[in-house]
Amino acid sequence: MLSLSTPTFSTPGASRFVMPTTHNYMQFHYPLPYGAILQEAGVQFVVYSRSATAMRVLLYRRVTDREPYRVVEFNPSNDRWGDIWSVFVPGLKAGQLYHFQADGPFAPEEGYRFDPRARLIDPYARALAGEFMPATDGIVRPPRCVVVDDMFDWQGDRHLRRPFSETVIYEMHVKGFTKASSSGAKSAGTYEGVIEKIPYLKSLGVTAVELMPVHEFPILDPFGAKPERQNYWGYDSIAFFSPHRGYMQGDKPGDQVRQFKEMVRALHAAGMEVILDVVFNHTAEGNHMGPTLSFKGLQNNVYYMLNEDGTYKNYSGCGNTVNGNHPICREMIFHCLRYWVYNYHIDGFRFDLASILSRDRNGELMPNTPIVEIIAEDPMLADTKIIAEAWDAAGAYQVGSFAKSRWAEWNGHYRDDIRRYWRGDAGMTGRFATRLSGSSDLYQHSGRDPYHSINFVTSHDGYTLNDLVSYEQKHNQDNLENNCDGDNNNYSANYGVEGPTRRKTIVDLRMRQAKNLMVSLLLSHGTPMIASGDEVLRTQRGNNNAYCQDNSMSWFDWKLVERNEEMLRFCQAVIAFRKSQPTVRRETFLTGHPHKPGDLADVSWYSPDGLPMDWSRASQSFVCVFGTTGLETPAAKYVMLLLHPGHATQKFVIPTDLRKLPWKTFIDTSAETPRDIYPNADGPPLAAKGELQLIHHTLQCYVA
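Residues in the sequence shown are numbered consecutively from 2, following this note's numbering.
Here's what the structure looks like:
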């Protein structure tokens, strides 16, 4: 075939990096050095492979074409520069469909899996189009790559740069947020559908949305072995630079790029940051039984961690492990993060199973690996939030020790300790107090601050808030894995009946517990994250691992907005209070001492009898007072929490020195709406005698 090459090669496009200008179209444009690079006269195709003996670009006219209309061969003499293959094809434009194809050795025991018939997704593809085609001839035909023009009119949009200490994160699934018919969205289940629901997000008060994976992933098993179980969550990436085509409106190849950018621009205009959940720990190619879709067919022994016999190390629990600390993989991740920050204006990233990034090229855990340090120190990422899920599927658990400097972490200890405390487990009082005050035991020693703790009670992975207080056992039968999947240690309770009930005493107790958990989350020091739908008590009917449930079990039921209006109103008020009160979101750790003579301490702890807290005693109930000392703002108020997870009524006596403050009721989770919360913290004053009776499983909050 005809080989068309450029006279010289120098990572095409790298010299064309455009810094911000007054021309909105060009803001933050970060051209990539690999992939399909659009130029005025055609497209430059650039791909890495050290061991390939031949390379081809397959060009398609339509997403339904099984065979290419043209094959362009790379000339090894003119089109190869070291391990980089680069060829220029004139006349091609944005929207062109393509695959790569590579010849090379097939020796799995040595780490090579080249297949000259395989159609390969470009690791740097900016978009994919179409679906997997049936492999009737033994050839897996994955979605086509799309040549993309990255230009977009951002209309002056910039990153919001909101501090962690002022952030409230809302974890959501793009499709599931609006897919239900009850959403009323014109573009249900899409990026545009999210735009339609921005008024709701604003009314809730969250400041950032954390999107479950939007990097391209196969919706169904590429081999079609399990058509009844869809890959709903998306934790199975096949193209890290591509927005998922399944969330776009229409079917124009590559149009998901525009639609995704429009969603980000609209969220920013509404004051909300966009954080992506990224999965750099494994890919959809699976283990030795999985298909060859991209990385396997280009340089398997570089992109994946392999055992000595050529089989795959599996620290992800998903069949393979990306070799994140190999220089080639580090470079790809580095370019990917920059690309999403500068071409999509993304504000931050949550790294799924991030402990895998702490493993060296042999799979051994080591501190501050190159990729972890690069992400933290890269100047182009300096305005972004970086969040680690600091564990993996092979036993690593690094919460509190994942890294230093900028890295925040999903605080799994917070989730478990808050759940166990309110369930009434013994010995949890001290742990709960530590979580409430910012988890200094985990983060202070490494020089980090309270906001580096991403506090959460629920997430996509596990029970919803409603189910946490309604089920004691997981109910995952619909996943068709004999209820063997999902975590068995949920620290949940059903309070007498498994699942739904009309018994008022149980319904009231569950509502009280849901509010107790939500208040604890939103008034803790650290950065709170709410799982989508918890504010209206969404249920998954006891399923704690709904990864394959692309149906009403997982979708946001918008009927709940009215049905559970009480809970929504409650959450809105607590979020608004948190945002207004630096007292509950300090940027430095509490000391237990006043910042100057005459002030109350920044935090004080008391037992129910009004005496200073004796942490050696087994009392589950206590009083916490957050003071204003050291906060140079007249908006700061004193906040007093009375916490009682016990099973009987508990008497509380407020210390004499605290009674002098003009306490007003803010929250009483045992009261019926609307007396459960006073949004302006102007409820009834504290009783003059300072004596209170709290029924079982109750939280009260007073403000002065």
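Each residue gets a CB set at the ideal place from its N, CA and C atoms; glycine is no exception.
Since this is a predicted model, take the numbers as computed values, not measurements.
Count the other C-beta atoms from every protein chain shown that fall within 10 angstroms of the C-beta of residue i, then say buried if there are 16 or more, exposed otherwise.
i: Gly-139; result: exposed
i: Met-519; result: buried
i: His-283; result: buried
i: Gln-478; result: exposed
i: Cys-572; result: buried
i: Asp-535; result: buried
i: Asn-681; result: exposed
i: Asp-610; result: exposed
i: Gln-156; result: exposed
i: Gly-92; result: exposed
i: Lys-661; result: exposed
i: Asp-310; result: exposed
i: Gln-694; result: exposed
i: Ala-355; result: buried
i: Thr-168; result: buried
i: Tyr-70; result: exposed
i: Cys-485; result: exposed
i: Tyr-26; result: For Tyr-26, the predicted structure reports a pLDDT of 48, less than 50, and the residue's modelled location is therefore unreliable. A value from the coordinates is still provided. Classification for Tyr-26: exposed.
i: Leu-612; result: exposed
i: Thr-657; result: exposed
i: Pro-583; result: buried
i: His-24; result: Low confidence applies here, because His-24 scores a pLDDT of 44, under 50, leaving its location unreliable; read the following figure in that light. Exposed, by the Cβ-count rule.
What's the gap between the Cα of residue i and the Cα of residue j?
i: Val-44; j: Val-90; result: 5 Å
i: Ser-402; j: Pro-451; result: 14 Å
i: Phe-352; j: Ile-388; result: 6 Å
i: Leu-481; j: Gln-300; result: 35 Å
i: Leu-202; j: Ser-608; result: 38 Å
i: Tyr-99; j: Val-275; result: 30 Å
i: Asp-677; j: Gly-364; result: 51 Å
i: His-698; j: Asp-669; result: 11 Å
i: Ser-454; j: Gly-439; result: 7 Å
i: Ser-581; j: Glu-286; result: 47 Å
i: Val-73; j: Val-58; result: 5 Å
i: Phe-107; j: Ile-347; result: 39 Å
i: Asp-256; j: Met-249; result: 7 Å
i: Tyr-496; j: Lys-505; result: 12 Å
i: Pro-380; j: Arg-542; result: 45 Å
i: Glu-41; j: Ala-95; result: 10 Å
i: Trp-408; j: Pro-135; result: 43 Å
i: Thr-430; j: Ala-619; result: 8 Å
i: Arg-503; j: Val-470; result: 14 Å
i: His-289; j: Thr-312; result: 7 Å
i: Ala-391; j: Ala-688; result: 45 Å
i: Tyr-703; j: Asn-517; result: 14 Å
i: Gln-621; j: Glu-692; result: 18 Å
i: Ala-705; j: Lys-597; result: 19 Å
i: Thr-22; j: Tyr-31; result: The predicted model places Thr-22 with a pLDDT of 41, which falls under 50 and marks its position as unreliable, so this point remains unresolved.
i: Ala-103; j: Arg-449; result: 46 Å
i: Glu-263; j: Pro-143; result: 27 Å
DSSP has residue i in a bridge; who is on the other side?
i: Gln-651; result: Leu-695
i: Asp-104; result: Ala-55
i: His-645; result: Thr-699
i: Val-640; result: Phe-627, Val-704
i: Thr-528; result: Ile-455
i: Ser-605; result: Val-626
i: Phe-403; result: According to DSSP, which records beta bridges pairwise, Phe-403 is partnered with nothing at all.
i: Asp-278; result: Arg-351
Determine whether the beta carbon atoms of residue i and residue j lie at a separation below 7 Å.
i: Asn-321; j: Tyr-305; result: yes
i: Ser-671; j: Ile-655; result: no
i: Pro-214; j: Gly-235; result: yes
i: Lys-405; j: Ser-447; result: yes
i: Tyr-171; j: Ile-531; result: yes
i: Phe-557; j: Gly-177; result: yes
i: Gly-112; j: Thr-54; result: no
i: Val-147; j: Ala-128; result: yes
i: Asp-600; j: Thr-592; result: no
i: Met-56; j: Trp-82; result: no
i: Tyr-345; j: Pro-646; result: no
i: Phe-101; j: Leu-121; result: yes
i: Phe-165; j: Thr-528; result: yes
i: Asn-467; j: Leu-569; result: no
The stretch 262-269 in contact with the stretch 184-200 per 3-pair CB rule at 8 Å: The stretch 262-269 is in contact with the stretch 184-200.
Is it true that the stretch 180-187 meets the stretch 291-305, where meeting means three or more beta-carbon pairs spaced less than 8 Å apart? Segments in contact, no.
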